[in-house]
Amino acid sequence: MKIRCSSDPRRAFTLIELLVVIAIIALLVGILLPALAGARAAGKLAKESMGGKHMIVSWTAYATDFKDGILVPYIRWDWAHNDQSIGSCRFLPSDPQHPSKLIEGDCAKAWGWRFSVAVEYPPNALMNDSGTYSVFNARSKVPTGSSQFTNEYDNTDSYQYAINFHPSFGLNSVYVGGHYRRGAFPNGSLYNVGHPRLNQGGHFYVSELNRIKFPSVLMAMTTARSVDVATMGGSGSQFGYGGAPVPWTAGAQVVPGFYEVLPPRLGYPLTGGTAQVWNASDKFNPLVSPQSWGFVDARHGGKAVSALTDGHVETMTIKQLRDMRRWSNNADGPDWNFQAQ
2 MKIRCSSDPR RAFTLIELLV VIAIIALLVG ILLPALAGAR AAGKLAKESM GGKHMIVSWT
62 AYATDFKDGI LVPYIRWDWA HNDQSIGSCR FLPSDPQHPS KLIEGDCAKA WGWRFSVAVE
122 YPPNALMNDS GTYSVFNARS KVPTGSSQFT NEYDNTDSYQ YAINFHPSFG LNSVYVGGHY
182 RRGAFPNGSL YNVGHPRLNQ GGHFYVSELN RIKFPSVLMA MTTARSVDVA TMGGSGSQFG
242 YGGAPVPWTA GAQVVPGFYE VLPPRLGYPL TGGTAQVWNA SDKFNPLVSP QSWGFVDARH
302 GGKAVSALTD GHVETMTIKQ LRDMRRWSNN ADGPDWNFQA Q
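Next comes the structure, spelled out in structure tokens:
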């Protein structure tokens, strides 16, 4: 039997054919990668928008539970140290780790724990970036001081401090609810809220839901960012215990959350706090100081996720957020400047 050998051996790819295949693969990768990146970005936006919706629903529930009283973003020193709940101004939240005690001090001044405890809002939902929350959760949870009635967590390196000052959404602290370092409650005591008199700016912030004129316009909160409080090495004095920004330098560790966002225009009273006018550019740059746009974080393709006081959520650009009607219940135009009420 004769065995026939093919006179035509299997032909190999030529160099040109290989280059063509490589070029096609590169083209497909170039098409697919942006699509995948876009899908990831859309997923992050959807997750944050849902987080904003949950936040604003709970924010509204808080007000409902307190007879329409809006959550106060930052309280007076004496209210944050009212360890025996004397008088009518009782703000100290129970300590989730030690339910028989209250949280006193810095972690009662800003709103994070007061809100979380009051409406049973999970701390890992306050900071909805899972990677950042994991970093926070690994920090110390040991009180820095305690009394018969309270625990303090005043070390900026602690879990409690991070959660309190770095929620994903910052409240519109100046004009919605009131911030002691931004002119609210100058005449307060343990027995009296002490809203400002006319010569102190008047009651320029809205304190009750039923007094909001245009709920679909006025913003309650938006995505925020700040230098990590842990960079201060233990003491909150470097940022006025919440009244000033955490010190920033190029390359500083910035986290996707801060307890407040500040309006683009100044003029409102300050009580030992500091603030600055917004950067003139409408193009968000995550590499500059978080204070450049009042701690607003337009981290979704140049847009911030904002929750309005009527309960809906929308994305807004820096330019859209310059409209003062988004910030103040008293603003009658986009370029409104502060006026005593």
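Going by our numbering, the residue at position 60 of the sequence shown is 61; the numbering climbs one at a time, nothing skipped.
Heads up, the beta-carbon is just placed ideally off N, CA and C, and yes, glycines get one too.
Values in this document were obtained by computation on a predicted structure and should not be read as measured data.
Beta-carbon contacts of residue 296 that lie in its chain and below 8 Å, excluding the five residues immediately before and after: Residue numbering aside, residue 296 sits at position 295 when the sequence shown is read from its first letter. For residue 296, where only same-chain residues beyond five positions count, the Cβ hits under 8 Å are 171, 225, 226, 227, 246, 259, 261, 262 and 263.
Grab me the residues of residue 244's own chain with a C-beta within less than 6 Å of its C-beta, minus the 5 sequence neighbours each way, in chain order. As a first step, residue 244 must be located in the sequence shown, where it is residue number 243. Cβ within range, chain order: 182, 273 and 274.
Candidates 220, 186 and 105: closest to residue 165 by CA position: Position 164 of the sequence shown, counted from the first residue, corresponds to residue 165. The option with the nearest alpha carbon to residue 165 is 105.
Identify the residues that DSSP records as bridge partners of residue 204: which are they? On the sequence shown, position 203 is the one that residue 204 refers to. Assignment of beta-bridge partners to residue 204 by DSSP yields no partner.
Once DSSP output is grouped into helix, strand and coil, what is the label at residue 135? Taking the sequence shown and counting its residues from 1, the one referred to as residue 135 is at position 134. It is helical.
Check for me: the beta strand (DSSP E) holding residue 171 runs from which residue to which? What you label residue 171 is simply residue 170 of the sequence shown in a count that begins at 1. 170 to 173 is the span of the beta strand (DSSP E), which, as asked, contains residue 171.
How close, in whole Å, do the beta carbons of residue 92 and residue 80 come, if the pair is a contact with beta carbons under 8 Å? Within the sequence shown, the letter at position 91 stands for residue 92. Within the sequence shown, the letter at position 79 stands for residue 80. Indeed, because the Cβ distance is near 5 Å, the residues count as touching under 8 Å.
Checking the sheet assignment: what are the DSSP bridge partners for residue 180? Along the sequence shown, read from residue 1 onward, the residue named residue 180 stands at position 179. Partner(s): 75.
For a quick check, are the C-beta atoms of residue 257 and residue 133 less than 8 Å apart? Mapped onto the sequence shown, residue 257 falls at position 256. Mapped onto the sequence shown, residue 133 falls at position 132. For residue 257 and residue 133, yes; Cβs fall inside 8 Å.
Do you know how far the Cα of residue 156 is from the Cα of residue 146? The residue given as residue 146 occupies position 145 in the sequence shown. The residue given as residue 156 occupies position 155 in the sequence shown. Pairing residue 146 with residue 156, the inter-Cα distance amounts to about 10 Å.
What does the alpha-carbon distance come out to for the pair residue 114 and residue 203? Indexing the sequence shown from 1 puts residue 114 at position 113. Indexing the sequence shown from 1 puts residue 203 at position 202. So the alpha carbons of these two residues sit roughly 28 Å apart.
Candidates 85, 120 and 189: closest to residue 101 by CA position: In the sequence shown, the residue the question calls residue 101 occupies position 100. Its Cα nearest to that of residue 101, the residue 85 stands out among 85, 120 and 189.
Whether or not the region 61 to 76 and the region 208 to 216 are in contact is what I'm after, with contact meaning three or more pairs of Cβ atoms, one per stretch, closer than 8 Å; do they touch? Flag = yes, the region 208 to 216 and the region 61 to 76 touch.
CB-CB length for residue 160 against residue 144, believed under 8 Å: By 1-based counting over the sequence shown, the position of residue 160 is 159. By 1-based counting over the sequence shown, the position of residue 144 is 143. Residue 160 to residue 144, Cβ: 11 Å. No contact.
Secondary structure of residue 217, DSSP reduced to three states: Sequence index remark: in the sequence shown, residue 217 carries index 216 (1-based). In the structure shown, residue 217 sits in coil (DSSP, three-state: anything other than H, G, I, E or B).
Within its chain, find whatever has a CB closer than 6 Å to the CB of residue 265; leave out the 5 residues flanking it on each side and keep chain order. By one-based count along the sequence shown, residue 265 stands at place 264. Exclusion of the five residues before and after residue 265 leaves 279 and 323 as the residues of its chain whose Cβ lies within less than 6 Å of its Cβ.
What do you get for residue 107, buried or exposed, if any count of 16 or more other CB atoms within 10 angstroms of its CB means buried? Here residue 107 corresponds to residue number 106 of the sequence shown, with the count starting at 1. Residue 107 should be labelled buried.
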